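Protein chains: 2
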Amino acid sequence: MPRSVLAVDIGGTKFAAALVGPEGDVRAAERAATPPGGDAETLWKALDALITAVAGDTPVDGVGIGCGGPMTWPEGAVSPLNMPGWRAFPLRGRLAARFPGVPVRIHNDAVCVAAAEHWRGAGRGSANMLGMVVSTGVGGGLILGDRLIDGGSGNAGHIGHVVVDPDGPACECGGRGCLEAVARGPGLAAWALEQGWIPGRASGASESGTAGPAYVEATAASGRRLALDAAAGDAVALAAMERAGRAVGLAVASATHLCDLDVVTIGGGLSQAGRLLFDPLEETLRAHVRLDFARRVRVVPASLGQDAGLVGAAALVLAADRYWSPRR
Amino acid sequence: MPRSVLAVDIGGTKFAAALVGPEGDVRAAERAATPPGGDAETLWKALDALITAVAGDTPVDGVGIGCGGPMTWPEGAVSPLNMPGWRAFPLRGRLAARFPGVPVRIHNDAVCVAAAEHWRGAGRGSANMLGMVVSTGVGGGLILGDRLIDGGSGNAGHIGHVVVDPDGPACECGGRGCLEAVARGPGLAAWALEQGWIPGRASGASESGTAGPAYVEATAASGRRLALDAAAGDAVALAAMERAGRAVGLAVASATHLCDLDVVTIGGGLSQAGRLLFDPLEETLRAHVRLDFARRVRVVPASLGQDAGLVGAAALVLAADRYWSPRR
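Just so you know, the protein sequences line up as chains F and C, in that order.
My numbering puts the first residue of the first sequence at 1020, with every later residue one more than the last.
My numbering puts the first residue of the second sequence at 1020, with every later residue one more than the last.
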């Protein structure tokens, strides 16, 4: 009988859950806003209700969880940066108690996205891949030799903290000049505001209040707004996309040399800017990868969209030979 | 019966060969200067004679080879940058023909050093390690999840081409601001000369001609000379060591974040500078690794010295479960 697992994707703005079939097919997905300011049990109850809506009494062969870091791993006590209600919350343990007798596995949300893109998305068929998410933060996951790389503490793939500008902006991690400090949506928007950007002006949003997809607040200084304004020709927004693209290109060049990559997939809100981001990225990357082996690297848009986190969480169970190997 | 393998280490200045026992014990090592300007067959004959001197008629259970890159891998047609006589020379094939019936395996020389430090040296007991060589070039090898990482073409570990200064000096790879461009011995010496360094002056070598170990030409503008002059208090030489240490620290910070490393081992001529290199390295590294998981990384001097290349080449055969996994 085909197996089906429960996949859970925990983010600061929304929870998602779904049943996922053996080929990575997402069924019965449900999403709910993360209760803002919720304490630990409020958050857990909201998740519990979402899971009940999705799984009901359906027996599942396992549970895969993607969650924002940091966390203890593979134990799965989570302290997501943008969910102050959960600090060392035993998320994996709670779900293991709710689903006894089946494997319950957890990994960083960006790692799950990378696993998904490798398993069923734009990195399929490549044995050596970096999967990136460029959004409110910059995260990633690393697949080498056709296996998900965990690193010593489950934190491999932190491409967002590769240093791209040693004298660059301070990073929330406490360091300086990290890719994330330069290219995360809010950082980029702050930089653009300093340069005189007026959110929504170029695309007429400040007059009509409607330009762009419904989920982009018309005049909010967000990375998505910046991407839309760049598409509408705003000079500062375009410069911001170039700034982000160059920074990503540098980090990808370094990762390619260190890990001998075949493919890099890029998803997340900022990747919606398309060529406005990818063109400067490619230009910088190609200027820095000149050795024969490194030139072969390809950078492609991620292909799974908002389902990626769920598909990757499911892969921890459904394709464990490649995506699950904690040493205990 | 304990196994013994023939290990071969091919460099631009010397060839080395030895029998290596099952615990990585080096026996009967022989070294010979690389014939300067030799054509392909001259180089091969010199190597063949060295192997005969070491192995004679002793049966061996395999052959491990470390050689400067680039090369096709795992086929082992080599084109070492500093040995123009070998271009696509079928080194592994020649040795396989000379030693029929046993495994004959090859890897990049810096990768072999990393494998050696992990197997028998300063990285022993760590599952996630970067082994670096900072010398005429800057190379390395990557061990993750207790396995040597090859990457898509056998080139994983190229830490020397992590970008540490996007607007920095041109690199011989064709890129710009690579760690190697900043920190390789000749690059560092050139920088020091520009700053007014007079090789050997600080240590009295230009008068006596004898300061420093015999293998360091008294007044040559080399990385080793620079290290000695820094130890003798030469201000420019000290600044050069700081420059190198900071660059290495940045690259190690990036690698630590991307690969979630436990340990980094550093060998090669420049590492002889000891604290003059390691202190600025640590200072820069600690300023950039602030996330909890990354702070645990330790940077330690390599411990196997000139035998490392031989021990690592032998490990390709003697500890193949960890150090040999080409997918064919």
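Note that beta-carbon positions come from the ideal geometry of N, C-alpha and C, so glycine has one too.
Predicted model only: the values in this text are computed from it and were never measured.
DSSP beta-bridge partners of residue i
{"i": "Asn1174(F)", "result": "For Asn1174(F), which the question treats as bridged, DSSP gives no partner whatsoever."}
{"i": "Gly1160(C)", "result": "Gly1150(C)"}
{"i": "Asn1127(F)", "result": "Cys1086(F)"}
{"i": "Val1024(C)", "result": "Val1039(C)"}
{"i": "Phe1034(C)", "result": "Ile1029(C), Ala1051(C)"}
{"i": "Arg1195(F)", "result": "Ala1189(F)"}
Cβ-Cβ separation, residue j to residue i (assumed contact under 8 Å), whole Å
{"i": "Val1073(F)", "j": "Glu1049(F)", "result": "5 Å"}
{"i": "Leu1277(F)", "j": "Leu1277(C)", "result": "7 Å"}
{"i": "Ala1035(C)", "j": "Leu1329(C)", "result": "6 Å"}
{"i": "Glu1301(F)", "j": "Val1318(F)", "result": "7 Å"}
{"i": "Leu1149(F)", "j": "Ile1178(F)", "result": "6 Å"}
{"i": "Ile1039(C)", "j": "Gly1286(C)", "result": "Correcting the residue identity first, residue 1039(C) is Val in this sequence and not Ile. Going by Cβ atoms, the distance from Val1039(C) to Gly1286(C) rounds to 18 Å, so no, they are not a contact pair."}
{"i": "Gly1095(F)", "j": "Ala1134(F)", "result": "Between Ala1134(F) and Gly1095(F) the Cβ distance is about 16 Å, and since that is not below 8 Å, they are no contact."}
{"i": "Cys1086(F)", "j": "Pro1099(F)", "result": "6 Å"}
{"i": "Asp1253(F)", "j": "Arg1220(F)", "result": "7 Å"}
{"i": "Val1123(C)", "j": "Asp1080(C)", "result": "With 8 Å as the limit, Val1123(C) and Asp1080(C) do not qualify as a contact, their Cβ atoms being about 11 Å apart."}
{"i": "Leu1114(F)", "j": "Val1082(F)", "result": "5 Å"}
{"i": "Gly1187(C)", "j": "Gly1196(C)", "result": "3 Å"}
{"i": "Asp1169(C)", "j": "Ser1344(C)", "result": "7 Å"}
Three-state secondary structure assigned by DSSP to residue i
{"i": "Val998(C)", "result": "Missing from the structure shown is residue 998(C); chain C here goes from 1020 to 1347 and no further."}
{"i": "Val1183(F)", "result": "coil"}
{"i": "Ala1189(C)", "result": "strand"}
{"i": "Leu1167(F)", "result": "strand"}
{"i": "Gly1324(C)", "result": "helix"}
{"i": "Arg1341(C)", "result": "helix"}
{"i": "Ala1221(F)", "result": "coil"}
{"i": "Thr1155(C)", "result": "coil"}
{"i": "Ser1227(F)", "result": "Per-residue confidence for Ser1227(F) stands at a pLDDT of 49, beneath the threshold of 50, marking its modelled position as unreliable; the derived number appears in the next sentence. Correct three-state label for Ser1227(F): helix."}
{"i": "Val1308(F)", "result": "coil"}
{"i": "Arg1347(C)", "result": "Note that Arg1347(C) scores a pLDDT of 45, beneath 50, so its modelled location is shaky and nothing firm can be said."}
{"i": "Ala1135(F)", "result": "helix"}
{"i": "Thr1303(C)", "result": "helix"}
{"i": "Ala1200(C)", "result": "helix"}
Boundaries of the alpha helix (DSSP H) in which residue i is found, first to last residue
{"i": "Pro1205(C)", "result": "1204-1213"}
{"i": "Arg1143(F)", "result": "No alpha helix (DSSP H) contains Arg1143(F), which DSSP labels as neither H nor E."}
{"i": "Val1330(C)", "result": "1327-1337"}
In the segment 1238-1299 of chain F, which residue ranges form an unbroken beta strand (DSSP E) of at least 3 residues, counting only runs that do not cross its ends? Taken in chain order, the unbroken stretches of beta strand (DSSP E) that lie wholly in the segment 1238-1299 of chain F and span 3 residues or more are 1282-1286.
Mind listing, in chain order, the continuous beta strand (DSSP E) runs of no fewer than 3 residues lying wholly within the segment 1045-1130 of chain C? Taken in chain order, the whole beta strand (DSSP E) runs of length 3 or more contained in the segment 1045-1130 of chain C are 1045-1052, 1082-1086, 1123-1127.
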